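Undergrad: Once you've had a glance at the structure underneath, I'll fire off some questions.
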Amino acid sequence: MFYNAHTMRRLFTALIVLLAVAFIGSQWDELQQVFASLQRGDLLWLALAILVQLMWLVSTALTYQAIYRLLGMSASLKELFPLVVTSNFVNVATPSGGMGGLAVFIGDARRHQRSTARVTIAGVLFILFDYFGFLCVLALGLLVLFRRNHLNVAEVTAAIILFIVALALAAIITLGIRAPQLLERVLRWGARTVNRLLFPLRHRPYLSEDRAHEFAIEAAEGLHELRTDWREYLLPAAYSLAGKALLITILFLTFLAFNQPFSVGTLIAGFSMAFLFMIVSPTPAGVGFVETVMPAALTALGVPAGAALIIALAYRGLTFWLPFLYGFIALRVLQRRWEQAVELRD
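Encoded structure:
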């Protein structure tokens, strides 16, 4: 039994690494452009940007830690940090619509005998805090674009889509708190619908309605643990906003690295467009979209076209490619941690 589980974990890790290598291969030209852009920057400012980027990853782990506490769970920063880095890596490497990264947290929850439903809720709450924190910054970014007469339909549409998704997530959480039985019916209906759609291909149920029932019960228990005092929500909200401030700081340091003049409005609007189209994009982390939208937005804000492209590529290197490469290391750290936990149990 140990051998089979051990082998399956190694095969899963190997598959993720293989998919990641394939992804890097498909984006090799862009990666070379990013590396060439970073080589042209001032190393001191870029080194500071990398330090801030590590602080951003820590703030993300602290957000998860605060959300875990809201749900009556505890986890150390040492435990959560590699989970955050690995989940980001898996989300990009696998075409799973974000479910791959959540699976990392769920797998870790099983090994620590935590409720997988509560951990799933924690993932939804993290996205909710992340979206609403960003919407605060986005409002300022859109205001800057509007005042400079550069706000267009695509940006407004993407912002509306993000707002609707955030409201939908909030509605799901509210439904689970106020009407857990209705949430169970919704989950059962969802499971039946998915099974009906996939039956011609699989010829058997894909999702278990009984499991949907169990999940709804666990979810209701987890949501019942949510703190009712609104002040308890200030900490994860503050961490989420701090994360956005750190990302804007990275953009600020990138401008300094390439000795390019800027204004506060340019930083906020440029970051807003990059982050918005990273979320509202059919590709993982907005690959291919952000690299097009961000230089165009910076150019519209008065940055010379050549400098805008270099800054956008360097910023993506610092905030996307570097954390992605960290994922290789974090995945190995988690694999070793899980193997040691199994050996101790056996």
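All residue numbers for the sequence shown refer to my numbering, where the first residue is 1289 and numbers rise by one. Just so you know, even glycine gets a beta-carbon here, dropped at the ideal spot from N, CA and C. Please read all numbers here as calculations on a predicted model, not as lab measurements.
Alpha helix (DSSP H) containing ASN1379: first to last residue?
TA: Along the sequence shown, one-based indexing puts residue 1379 at 91. Residues 1365-1381.
Undergrad: Compare the Cα-Cα distances from GLN1341 to each of ASP1317, TYR1603, ILE1598 and LEU1455 and report the closest residue.
TA: For this step, residue 1341 is matched to residue 53 along the sequence shown. Residue TYR1603 is the option with its Cα nearest to GLN1341.
Undergrad: Is it the case that the stretch 1323-1340 contacts the stretch 1585-1602, given that we only count it when at least three CB pairs across the two stretches are under 8 Å?
TA: yes
Undergrad: Quick one, which of MET1343, ILE1304 and VAL1568 has its alpha-carbon nearest THR1607's?
TA: Along the sequence shown, read from residue 1 onward, the residue named residue 1607 stands at position 319. THR1607 has its Cα closest to that of MET1343, out of MET1343, ILE1304 and VAL1568.
Undergrad: In whole angstroms, give me the CA-to-CA distance for PHE1290 and ARG1625.
TA: Sequence index remark: in the sequence shown, residue 1290 carries index 2 (1-based). Sequence index remark: in the sequence shown, residue 1625 carries index 337 (1-based). Any answer about PHE1290 is weak, because its pLDDT of 43 lies below 50 and its placement is not dependable; what the coordinates show is given next. Using only the alpha carbons, I get a separation of about 15 Å.
Undergrad: Using three-state DSSP, classify SER1403 as helix, strand or coil.
TA: Within the sequence shown, residue 1403 is the residue found at index 115, counting from 1. For SER1403, the three-state secondary structure derived from DSSP is coil.
Undergrad: Quick one: what's got a C-beta closer than 6 Å to ALA1293's C-beta in the same chain, skipping five residues either side?
TA: Along the sequence shown, read from residue 1 onward, the residue named residue 1293 stands at position 5. At ALA1293, the pLDDT of 49 sits below 50, so the modelled position is not reliable; the number obtained from the coordinates is stated separately. Nothing meets the Cβ criterion.
Undergrad: Can you name, in chain order, every residue of its own chain whose Cβ lies under 7 Å from the Cβ of LEU1555, other than the five neighbours on each side?
TA: For the purposes of this step, residue 1555 is identified with residue 267 of the sequence shown, where counting begins at 1. The residues are ILE1536, LEU1539 and PHE1540.
Undergrad: Should the stretch 1405-1415 be called in touch with the stretch 1434-1450, which here means at least 3 C-beta pairs below 8 Å?
TA: no
Undergrad: Just how far apart, CA to CA, sit ALA1308 and ALA1593?
TA: Here residue 1308 corresponds to residue number 20 of the sequence shown, with the count starting at 1. Here residue 1593 corresponds to residue number 305 of the sequence shown, with the count starting at 1. About 31 Å.
Undergrad: Are the beta-carbon atoms of PHE1612 and VAL1380 separated by less than 8 Å?
TA: In the sequence shown, residue 1612 corresponds to position 324, counting from 1. In the sequence shown, residue 1380 corresponds to position 92, counting from 1. Closer than 8 Å, so yes.
Undergrad: I need the DSSP call for PHE1546, collapsed to helix, strand or coil.
TA: Position 258 of the sequence shown, counted from the start, is the residue given in the question as residue 1546. PHE1546: coil per DSSP, three-state reduction.
Undergrad: Helix, strand or coil: which one does DSSP assign to ALA1255?
TA: Not covered by the structure: residue 1255. The range shown for the chain is 1289 to 1634.
Undergrad: Could you pull out every residue in the same chain whose Cβ sits closer than 7 Å to the Cβ of VAL1578, ignoring the five residues on either side in sequence?
TA: Numbered from 1 along the sequence shown, position 290 holds the residue referred to as residue 1578. Within the same chain, VAL1578 has close Cβ partners ALA1562, PHE1565, MET1566 and ARG1604.
Undergrad: Between which residues of its own chain and PHE1451 is the CB-CB distance below 7 Å, once the five residues before and five after are set aside?
TA: Taking the first residue of the sequence shown as position 1, residue 1451 is located at position 163. LEU1423, listed in sequence order.
Undergrad: Going by the CB atoms, is the gap between ALA1595 and GLY1558 shorter than 8 Å?
TA: Here residue 1558 refers to the residue found at position 270 when the sequence shown is read from its first residue. Here residue 1595 refers to the residue found at position 307 when the sequence shown is read from its first residue. No, the pair does not count as a contact, with Cβ atoms beyond the cut-off.
Undergrad: Got a sec, what are the start and stop residues for the alpha helix (DSSP H) GLY1574 sits in?
TA: Here residue 1574 corresponds to residue number 286 of the sequence shown, with the count starting at 1. Run containing GLY1574: none; DSSP gives neither H nor E here.
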